[in-house]
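Quick notes on the structure that follows.
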Amino acid sequence: MALQTLPNSTESKKLNFGSTHKSWCRECHTLCEFTVTAVRFRGDLSRIPAEDLVTASKIPKVKKEVTKPVGAIVEGQPLPELGTCKHYKKSYRWFRFPCCGRAFPCDICHEESVGGEHEMKFANRMICGHCSKEQSYTAGKPCVNCNSSVTRSRSQFWEGGKGCRDQTMMSRWTIPFICNACEG
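First residue of the sequence shown? That's 1 in UniProt numbering, and the numbers climb one at a time after it.
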């Protein structure tokens, strides 16, 4: 296709109807931006062989089937297995890694999938496993959309000096046990 608005016509390939195209002028080096809004054929159309017109009219039109991509993240629906993986069973979130722009349940899954093809960077975004809301990475804070915890809040082990019992879940009639060996 020749661009007629430039001082000298320039060839351009792979133009799509209705989309904006940008190209650099090869003579004055300015950025040209244009949109194809109409196509008009000029010349003697009667010179086109009749069999070409018949062949073109017989080409079946293929209907594109709209299919939902497999494994797509849909906001409002939970992630597969609530975002857990075989490495971290108590983490209900996926991380979006800026090095490749893809989301994985953990850094080990990311490394296994990529196979060392690029430089790893820390994830700066996370996706909630309960509602699939993408948000900035915040350690220890609940989801901004559904307010559910993205990590398991309770465990059976000593929690860094806090103890392993949740005092709010205990009966109010329980007398606190005082260990004489621990006090001192």
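By construction, the Cβ of each residue, glycine as well, lies at the ideal position given by its N, Cα and C atoms. These numbers come from a predicted model, not from an experiment.
Less than 7 Å between C-beta atoms, sequence neighbours within five positions excluded: which residues of the same chain meet that for residue i?
| i | result |
| --- | --- |
| PHE34 | HIS21 |
| LEU82 | TYR92, GLY129 and HIS130 |
For residue i, report the span of its beta strand (DSSP E) as first-last.
| i | result |
| --- | --- |
| HIS21 | 20 to 24 |
| CYS32 | 31 to 35 |
| PHE41 | That residue, PHE41, is in no beta strand (DSSP E); it is neither H nor E in DSSP. |
| PHE95 | 93 to 96 |
With DSSP as the reference, label residue i as helix, strand or coil.
| i | result |
| --- | --- |
| SER148 | coil |
| MET169 | helix |
| ARG102 | coil |
If I measure Cβ to Cβ from residue i and keep anything under 6 Å in the same chain, skipping five residues before and after, which residues do I get?
| i | result |
| --- | --- |
| PHE97 | HIS110 and ALA123 |
Kindly indicate the opening and closing residues of the alpha helix (DSSP H) around residue i.
| i | result |
| --- | --- |
| SER132 | Segment: none, SER132 is in no alpha helix (DSSP H) and carries neither H nor E. |
| GLU112 | 107 to 114 |
Can you give the Cα-Cα distance for residue i and residue j, rounded to whole angstroms?
| i | j | result |
| --- | --- | --- |
| ARG40 | GLY101 | 42 Å |
| PRO80 | PRO105 | 10 Å |
| LYS141 | LYS89 | 18 Å |
| VAL74 | HIS87 | 24 Å |
Quick check: does the Cβ of residue i come within less than 7 Å of any heavy atom belonging to the ligand COA?
| i | result |
| --- | --- |
| TYR137 | Among the components modelled here there is no ligand, and therefore nothing to report on the ligand COA. |
Looking only at its chain, what residues have a beta carbon closer than 8 Å to the beta carbon of residue i, apart from the 5 residues adjacent to it on each side?
| i | result |
| --- | --- |
| GLN77 | CYS131 and SER132 |
| GLY184 | At GLY184 the pLDDT is 47, less than 50, meaning the model places this residue with poor confidence; the figure from the coordinates comes in the next sentence. For GLY184, where only same-chain residues beyond five positions count, there are no Cβ hits under 8 Å. |
| TYR137 | PHE95, ALA123, ASN124, ARG125 and MET126 |
| GLU119 | CYS99 |
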